[in-house]
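**Student:** Read in UniProt numbering, the sequence shown has 408 at position 408, and its numbers run on one by one without any break.
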Amino acid sequence: MKWCHVPVAGQALLGVVDAGGHTELFRLVGSEGSAHTLQLAASFALDEQCLALSLDWSTGKTGRASGQPLKIISSDSKGQLHLLKVDEAGPGPRAVATWQAHGFEAWVAAFNYWQTDIVYSGGDDGLLKGWDTRTPSTPVFTSRRHSMGVCSVQSSPHWDGILATGSYDEHVLLWDSRNMGRPFADVPVQGGVWRLKWHPWRGHLLLAACMHGGFRVLDCRQALEEKQDACTVPLSHALPSSLVYGADWSWLAPCCVPHAQQPAEDEAGGQLPGPPALGCSAAGDRGGGPMLQSGSQGRTSLQPPTEGQPRTPGPRLCDSDQCVGAADLDVGLFATCSFYDHVLHLWRWEPGAGVGAQSEAVKSVSVHELPCPPPPRRRVLQAVPLGAGLTPPGTQCPQGTKPLASLT
């Protein structure tokens, strides 16, 4: 499942593909002060007797040009790709093209966010392919660089022409789409790479879900800037009893507000946002929820409000298109989901280096589990304070590491 990166007809839209071979679109509906719910907006059957395996929206790059069509690319267990077009005023998605891309399961399909007529696919046949959707009968390129099935592909929303791919061969490859003959970076990650996600604002950070290898955060700054095979791994953690199949960054970020409305540096507050397409929501407008608090040095952390603490207007929370100050956020909040134990983990990673630094030192790796159930009076989860000790870059999470929160 993936959220559309922009509002559709003024609403947040979630795309879902399922084992029945369907692509379904859900609207997030609700009003101020009431709970939001997902409402089925449309359903499209891809093919008979197939599993739908992936989908991507054409809106991954920041913003969308006026009149640019809204498209979905999906893949299935028969090795086919399906291009759908979504009419914002219409009844639902309509088929544009379907073609055979791989001889076995097409694990992943993804847009080139900078040129959305181009899509990429990865299959269990070990092939990475590029396609021009205007003439999809023949691939633009076919790469056999991965030695096993290709199961993750993501175009960078920050760097034109940059593509990240992952495979069961336990390698993450970085490519320049203008030269798909060979990757410019190759990072072994000790696990099959089922999911890759570029950070919403820090364009050099790449989150990888590595199955039995847990998760990794890759710092690709030098590789991207100098096209050198020089990625580092400032954070890694394995879940010994399960497989990490999903991972994604939080879109939580402070918006800039006029100086006259800025609160005191140590009293900023805000509520957790919904999906990116929801846009900004006023901070501090609901009691009892967790607050985004900033210290006097610009450090930001997710902590619940203390009893009796006044709520100030604070910065607002929004998506990356509307945030001027998003790059100043120095808390990495992300989630992973794991197989076998059916658990969703919420993690917090706090890099210590400021924006513009050549590398990011890990100040502390988040790693504290919230008690469950929450205290009945306040109905919030009490976070355990992070330690102040430094953890050298490239090291794994300490023994006994636990997520910020877990849901089963």
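Backbone N, C-alpha and C define an ideal beta-carbon position, used for all residues, glycine too.
1. Go through the segment 178-226 residue by residue and report every complete run of the beta strand (DSSP E) that reaches 3 residues or more, in order.
2. Grab me the residues of Ala45's own chain with a C-beta within less than 7 Å of its C-beta, minus the 5 sequence neighbours each way, in chain order.
3. What is the rounded straight-line gap between the Cα of Lys227 and the Cα of Asp117?
4. Per DSSP, Gln154 forms a beta bridge with which residues?
5. Compare the beta carbon distance of Pro93 and Leu25 with 8 Å and say whether it is the shorter of the two.
6. At a cut-off of 7 Å, is Gly192 close to the ligand GTP when judged by its beta-carbon and the heavy atoms of the ligand?
7. Between which residues of its own chain and Leu84 is the CB-CB distance below 8 Å, once the five residues before and five after are set aside?
8. Hey, Gly192 and Cys337: beta-carbon distance below 8 Å or not?
9. Let me know the secondary structure DSSP gives Pro398 once reduced to three states.
10. Put Val232 into one of helix, strand or coil per three-state DSSP.
11. With DSSP collapsed to three states, give me the class of His22.
12. In terms of alpha-carbon separation, which member of Arg178, Ala208, Gly181 lies closest to Val189?
13. From the DSSP output, read off the bridge partner residues of Cys337.
14. Return the CA-CA distance between Ser177 and Ser31, expressed in angstroms with no decimal places.
15. Taking only runs of the beta strand (DSSP E) that begin and end inside the segment 72-101, which ones reach a length of at least 3 residues, in chain order?
16. If you draw a straight line from the alpha carbon of Ser250 to that of His146, how long is it in whole angstroms?
17. Measuring CB to CB, does Val86 end up less than 8 Å from Leu53?
18. Among residues of its own chain, excluding the 5 on either side of Ala106, which ones have a beta-carbon nearer than 7 Å to its beta-carbon?
19. Grouping DSSP H, G and I as helix and E and B as strand, with all else coil, what is Gly33?
20. Any idea which residues DSSP pairs Lys61 with across the strands?
21. Below 6 Å CB to CB, which residues in the same chain sit around Val153 once its five sequence neighbours on both sides are set aside?
22. Is Ala238 helix, strand or coil by DSSP?
23. If distances are taken between C-alpha atoms only, which option among Phe334, Leu218, Leu174 comes closest to Ser143?
24. Does DSSP classify Arg144 as helix, strand or coil?
25. Near Ala42, what residues of its chain come up, given a Cβ to Cβ distance below 8 Å and the 5 sequence neighbours on each side ignored?
26. Rank Cys151, Asp125, Trp349, Thr98 by C-alpha distance to the C-alpha of Trp131 and give the top, closest one.
27. I'd like the list of long-range same chain contacts for Glu170, defined as Cβ closer than 8 Å, with 5 residues on each side in sequence excluded.
28. What do you get for Ala383, buried or exposed, if any count of 16 or more other CB atoms within 10 angstroms of its CB means buried?
29. Might you give, ordered along the chain, the residues of its own chain that have their beta carbon closer than 6 Å to the beta carbon of His158, omitting 5 neighbours on each side?
30. In the DSSP assignment, the beta strand (DSSP E) including Ala109 goes from what residue to what residue?
31. Residue range of the beta strand (DSSP E) that Asp132 falls in?
32. Let me know the secondary structure DSSP gives His171 once reduced to three states.
33. Grab the span of the beta strand (DSSP E) containing Leu14 for me, first residue to last.
34. Quick check on the burial criterion: 16 or more other C-beta atoms within 10 angstroms. Buried or exposed for Val365?
35. Flag this pair as yes or no: are the beta carbons of Trp57 and Gly10 separated by less than 8 Å?
36. Report the three-state DSSP secondary structure of Trp251 (helix, strand or coil).
**Tutor:** Reading from the atomic positions:
1. 185-188, 195-198, 205-209, 215-219
2. Gly21, His22
3. 25 Å
4. Ala164
5. yes
6. What this structure holds is no ligand at all, so the ligand GTP is not there to describe.
7. Thr23, Phe44, Lys71, Ile72, Ile73, Ser74, Pro93, Arg94, Ala95, Val96
8. no
9. Confidence at Pro398 is low in this model, with a pLDDT of 45, below 50, so the placement of that residue should be treated as unreliable; the coordinate-derived value is given next. Looking at Pro398 - three-state DSSP - the assignment turns out to be coil, as it is neither helix nor strand.
10. Note that residue 232 corresponds to Thr in the displayed sequence, not to Val. Of the three classes helix, strand and coil, the one that applies to Thr232 here is strand, per DSSP.
11. strand
12. Ala208
13. Gly246, Leu344
14. 43 Å
15. 80-86, 93-100
16. 29 Å
17. no
18. Leu53, Ser75, Asp76, Gly79, Gln80, Leu81, Ser121, Gly123
19. coil
20. DSSP lists no partner for Lys61.
21. Val108, Ala110, Tyr120, Gly122, Thr165
22. coil
23. Leu174
24. coil
25. Glu24, Leu25, Pro91, Gly92, Pro93
26. Thr98
27. Pro188, Val189, Gln190, Gly191, Gly192, Val193, Cys210, Gly213
28. Confidence at Ala383 is low in this model, with a pLDDT of 32, below 50, so the placement of that residue is unreliable and no value is reported for it.
29. Gly203
30. 106-111
31. 128-132
32. strand
33. 13-17
34. Interpretation of Val365 is limited by its pLDDT of 36, a score under 50 that renders its predicted location unreliable; the figure taken from the coordinates is listed afterwards. Answer is buried; the Cβ neighbour count reaches 16.
35. no
36. coil
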